[in-house]
Every structure is written in structure tokens, then in C-alpha cells.
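Structure, as C-alpha cells:
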Amino acid sequence: MSDKKPKNIFVEGPISPVKIGEDIAHHQKKTNIGAHSIFMGQVRADSVEAAKVSAIEYTAHQEMALSTMHEIREAIFAKYPLTCLHITHSLGVVKAGEICLFVFASAVHRKEAIDACEEVVERIKKELPIWGKEIFAGDQYQWKENRG
Amino acid sequence: MSDKKPKNIFVEGPISPVKIGEDIAHHQKKTNIGAHSIFMGQVRADSVEAAKVSAIEYTAHQEMALSTMHEIREAIFAKYPLTCLHITHSLGVVKAGEICLFVFASAVHRKEAIDACEEVVERIKKELPIWGKEIFAGDQYQWKENRG
Amino acid sequence: MMEIRLMSYGGLKDITGSDALGFAIPQQAVSVTELKELLLARYPALEGKTFRIAVNERFVEGEFEVGSGDNVALMPPFSGG
Amino acid sequence: MMEIRLMSYGGLKDITGSDALGFAIPQQAVSVTELKELLLARYPALEGKTFRIAVNERFVEGEFEVGSGDNVALMPPFSGG
Chain Y
1 MSDKKPKNIF
11 VEGPISPVKI
21 GEDIAHHQKK
31 TNIGAHSIFM
41 GQVRADSVEA
51 AKVSAIEYTA
61 HQEMALSTMH
71 EIREAIFAKY
81 PLTCLHITHS
91 LGVVKAGEIC
101 LFVFASAVHR
111 KEAIDACEEV
121 VERIKKELPI
131 WGKEIFAGDQ
141 YQWKENRG
Chain R
1001 MSDKKPKNIF
1011 VEGPISPVKI
1021 GEDIAHHQKK
1031 TNIGAHSIFM
1041 GQVRADSVEA
1051 AKVSAIEYTA
1061 HQEMALSTMH
1071 EIREAIFAKY
1081 PLTCLHITHS
1091 LGVVKAGEIC
1101 LFVFASAVHR
1111 KEAIDACEEV
1121 VERIKKELPI
1131 WGKEIFAGDQ
1141 YQWKENRG
Chain S
2001 MMEIRLMSYG
2011 GLKDITGSDA
2021 LGFAIPQQAV
2031 SVTELKELLL
2041 ARYPALEGKT
2051 FRIAVNERFV
2061 EGEFEVGSGD
2071 NVALMPPFSG
2081 G
Chain U
3001 MMEIRLMSYG
3011 GLKDITGSDA
3021 LGFAIPQQAV
3031 SVTELKELLL
3041 ARYPALEGKT
3051 FRIAVNERFV
3061 EGEFEVGSGD
3071 NVALMPPFSG
3081 G
């Protein structure tokens, strides 16, 4: 259900896979759910010239990010008959191999859950004022750019 | 990577959310992965007339299911540049609220992971010889039918 | 006279009464079309049901020939996931 | 003469040298277009950079008027997720 007040989506550091397993388990009480669609972003050890990304450090304009996320939630609930929608994004340092974004959409039928999850991911990437700084070994860095 | 021999996809009973969390954690070593897309099917307590579904009992033509799943895997790996693809489906009794299907696709970029995951789910529903028997309180049942 | 192994899946098991049984056929070989007629004669409740037939794990139809000892699977529409 | 609060995000922080600082403006009020010129004069490395401006948490441009004490955020293209 959609809420009146913006929910926090930010956690400090990586998102724990154990926590994700627990979140999934919590949905077993909701026996009207038939389908869950999950997206997770994981930090890649990309190579840039000779250097490898060892971590990404995320910063955000938090107030704007949360109010924009609230608008996205409202639009998604208006468009898709979802049972629930949970979003978590990391702030601070997330090492290569760790999870930095978790989107979890649940619905009675699969089509709604899958389409809503994908749309939320696309909108997060495009609309939330969050920036990733790719950190290389030895304090070097470059600012991340999202592909379209 | 695709394999030469059909992998087993079946587990007896429900799929554990803890196990799913562990599966996600195992992918943190693969630092070339940037995106995971997961689909989970959960048994719904649907109401049919006065009765509520308390569980679904799954049976399959296992040999045909595994060889068909193998063909689907090969086709998906040929079509999408995936890092890995894991599929689990329950056999036997899965109670309302429990998970009966788990599809887990990982790739360098999100589009491939999301599209591959969705296509695998659709093909599993249409092509795998698996049948669900919806069990109501008091031993009554009806055979499940998938929506298109 | 021959016997095939008849395997019934999903709701069809309720009609044939067993997930696997021997099914006697008066001929030495039959087409899938002929087999369907024999099945309908033996199990009238199959009338109007949607199902496909796999012989030795491959879907077959029409003139495909079913022989002694073949595994014949009757499969209603799938409902996995 | 007035002062705004200038907040710089992402790579723009490397140019302004701080994620939040006071920025003095000789006028009593300026348009966003005029503010951009003042910023480019003060931070020449902003030249050619893509960024949007939010005043008090709303994206603004052109003739929108920026006044004393406003929070002005400089935001390069987003790269979350």
C-alpha cells in the first residue's frame, strides 16, 4: 500500500544478502501474493585502463531522493496492482561484489510484479539524485556514469 | 556458462528464503556481475467458492522437464550475455505463502539479467511438464491452470 | 496383441486411475490417432479433455506409430510455477 | 549583496572544493541564468560540465529568482544503482 510520508530507502554500506533472505521470508504471511520480482545491483570490479574498481562510494541529495522516490512509489502503485514494494539503496562505501541496490515488488500475478520492478529500477537510475564514485586501488577515483 | 548435461532443478517441498539469501551471497565472489534479476513464485491462498487453497502439490514428468529446461537454458545463454542462471522448482506439497519457483539470472548489465529472467519464467510456465494440484481444507482439490 | 506403459499426469491420473499402468492393445502397432480412440473407448471421461501425448519422452501425434513396450505419457496443459 | 548556501554533488564537489559553502553575490537577487554566470566566473572548471540546479530542493532554470539564504544545489547527471 502507498504511504503518505516518504519512506527512507537508504542504508549505510552494502545491503546484506541475509537481510534480503529475511525480507523474502517476511512475505510468507501475505498469502495473497503469487509473484515476487527482485532486482539487485552489485558493484562490479570494472577495469579502467590498468586499474580495477575496488569499491563505489555513494552520496545522495537525500531529501530530494526520498521525495522523488515517494512520487515514483505513488505512480507505480497507481499503475500496477501491487501487494508491496520495497526499495533499499546504499550510501557510503560498497565494495566490489557487494549489493548496492535492492528493489522488491510483489503482486498477485507475475506480470505486474515483473513490470513494476523493472520500471522502478529504470526510474531510480534516471531520477534519483545519487552519485557513485568509483574507487581504485591507491586512492584514485573517477565519478561513475550510468548507461542509458 | 551453459553445461552439456541437464541440471536438476527440482527440490522436494518449498524453497527456503534462507537458501535464497545464501545463493545471493555466493555471487559476491563474481565481481564481474553488475545486476541480478530474481523471480519467485509463491503459493496463493486463492478462494474458490467457499474454500481456500491451503497448499499446492506439484508433480512433473521429470525427465522431460529437465531436458526441456536444458534446451531453454541453452537458448537463453545463446540469446543473452549472462554470467549465470539458476532455476529451482518445487515438487510435492508447498503450502500457501511458501515459495515454489526461484529463477535467478545475473549479468554484467541490468537489461540482460531482467529480460533473461522474465523469458525463463514465461518459458517454464508454458513448456515444463509440471502440474499443480490445489489442495483445499478437508482433502478437496482441483487441478491448477496457468493464466496466459 | 501388445502392451504399452501408460503414464497419466496431472488431472488425467484421476481419469485413468493410476499414474502408470499397462495398457493392452489388440494390434501389433497403432498410430497415435488410433491409440487416442482406444483410450477414449476405455476412459470415456477423457472426452473433451485437452491433452498431448509423448511417446518415449517426445511429443507425437497423427500417424506416428506406437509399438510394444513404448512409454506413452498423457499430459494435460502444464501448470508449474 | 547577499549570500546563498551552495551545495555541490558528485564530481562537482571536486570543482567547488566543498559539498556545502556560503557563496556571496553582489546583487540582492539573481536569476538562475545570472547565477550560472557567477558560478562559471568563480569556478572556471564548471565550463562544459553538465549539471542541473535545484533551489530549495526544486529544479529551476532561466528566469527563476534566487534570493538571500536559498539552498542552491549543483547536481551532475545521476549515477545511483
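Taken in sequence, the protein lines are chains Y, R, S and U. The first sequence begins at 1 in our numbering and counts up one residue at a time. The second sequence begins at 1001 in our numbering and counts up one residue at a time. The third sequence begins at 2001 in our numbering and counts up one residue at a time. The fourth sequence begins at 3001 in our numbering and counts up one residue at a time. Don't be surprised by glycine CBs; every beta carbon is placed ideally from N, CA and C.
Hey, could you find the ends of the alpha helix (DSSP H) residue i is sitting in?
{"i": "GLN142/Y", "result": "Counting along the chain, GLN142/Y falls outside any alpha helix (DSSP H), though it belongs to the beta strand (DSSP E) covering 141 to 143."}
{"i": "MET2001/S", "result": "Where MET2001/S is concerned, there is no enclosing alpha helix (DSSP H), given that its DSSP letter is neither H nor E."}
{"i": "THR2016/S", "result": "2012 to 2016"}
{"i": "PHE77/Y", "result": "62 to 79"}
{"i": "LYS126/Y", "result": "110 to 127"}
{"i": "ALA3073/U", "result": "From DSSP, ALA3073/U is part of no alpha helix (DSSP H) but of the beta strand (DSSP E) over 3071 to 3075."}
Could you name the residues of the same chain whose beta carbon sits closer than 8 Å to that of residue i, not counting the 5 residues immediately before and after it, in chain order?
{"i": "LYS125/Y", "result": "ASN146"}
{"i": "VAL11/Y", "result": "THR88, HIS89, SER90, LEU91"}
{"i": "LEU2012/S", "result": "LEU2046, LYS2049, PHE2051, LEU2074, MET2075, PRO2076"}
{"i": "MET2007/S", "result": "ASP2019, ALA2020, ASN2071, VAL2072, ALA2073, LEU2074"}
At the 8 Å Cβ level, is residue i part of the contact set with chain Y, yes or no?
{"i": "GLU3034/U", "result": "no"}
{"i": "PRO1081/R", "result": "no"}
{"i": "GLU1134/R", "result": "no"}
{"i": "VAL1121/R", "result": "yes"}
{"i": "VAL1093/R", "result": "no"}
{"i": "LYS1007/R", "result": "no"}
{"i": "GLU1071/R", "result": "no"}
{"i": "PHE3064/U", "result": "no"}
{"i": "ILE1020/R", "result": "yes"}
Closer than 8 Å, CB to CB, is residue i near chain R or not?
{"i": "ALA35/Y", "result": "yes"}
{"i": "ALA96/Y", "result": "yes"}
{"i": "GLY13/Y", "result": "no"}
{"i": "PRO17/Y", "result": "yes"}
Span of the beta strand (DSSP E) holding residue i?
{"i": "GLN42/Y", "result": "35 to 42"}
{"i": "ALA3029/U", "result": "3029 to 3031"}
{"i": "HIS1026/R", "result": "No beta strand (DSSP E) holds HIS1026/R; the alpha helix (DSSP H) holding it covers 1017 to 1026."}
Report, in whole angstroms, the separation of the C-beta atoms of residue i and residue j, which I expect to be a contact under 8 Å.
{"i": "GLY3067/U", "j": "LEU128/Y", "result": "Rounded, the Cβ-Cβ distance is 27 Å, inconsistent with contact."}
{"i": "ALA96/Y", "j": "ALA55/Y", "result": "6 Å"}
Could you confirm whether any beta carbon from chain S is found closer than 8 Å to the beta carbon of residue i?
{"i": "GLU1074/R", "result": "no"}
{"i": "HIS1086/R", "result": "no"}
{"i": "LYS1029/R", "result": "no"}
{"i": "GLU1145/R", "result": "yes"}
Got a sec? Which residues, its chain only, sit under 6 Å from residue i by beta carbon, not counting five neighbours each side?
{"i": "ARG3005/U", "result": "ASN3071"}
{"i": "ALA2054/S", "result": "ALA2073"}
{"i": "LYS52/Y", "result": "ALA45"}
{"i": "ILE3025/U", "result": "MET3002"}
By Cβ distance, which residues of its chain are closer than 7 Å to residue i, with the 5 residues on each side in sequence left out?
{"i": "MET1040/R", "result": "ILE1099, LEU1101, PHE1102"}
{"i": "ILE20/Y", "result": "PHE102"}
{"i": "VAL1093/R", "result": "GLY1013, ALA1055, GLU1057"}
Counting only C-beta atoms, is residue i closer than 8 Å to chain U at any point?
{"i": "ILE24/Y", "result": "no"}
{"i": "ILE130/Y", "result": "yes"}
{"i": "HIS89/Y", "result": "yes"}
{"i": "SER2/Y", "result": "Reliability fails at SER2/Y, whose pLDDT of 47 lies under 50, so the model's placement of it is uncertain and the value that follows must be treated cautiously. Closer than 8 Å: no."}
Taking a cut of 9 Å between CB atoms, which residues from the segment 1031 to 1063 of chain R lie near chain Y? So the close ones are THR1031, ASN1032, ILE1033, GLY1034, ALA1035, HIS1036, SER1037, ILE1038, PHE1039, MET1040, GLY1041, GLN1042, VAL1043, ARG1044, ALA1045, ASP1046, LYS1052, VAL1053.
Interfacial residues, the segment 2008 to 2041 of chain S to chain R, with Cβ spacing under 7 Å: Cβ contacts with chain R: TYR2009, GLY2010, GLY2011.
Could you list the residues in the segment 3040 to 3058 of chain U with a C-beta less than 7 Å from some C-beta on chain Y, going in chain order? Per Cβ criterion, the list reads ALA3054, GLU3057.
Under 8 Å (Cβ pairs) to chain Y, residues found in the segment 3070 to 3081 of chain U: ALA3073, MET3075, PRO3076, PRO3077, PHE3078, SER3079, GLY3080, GLY3081
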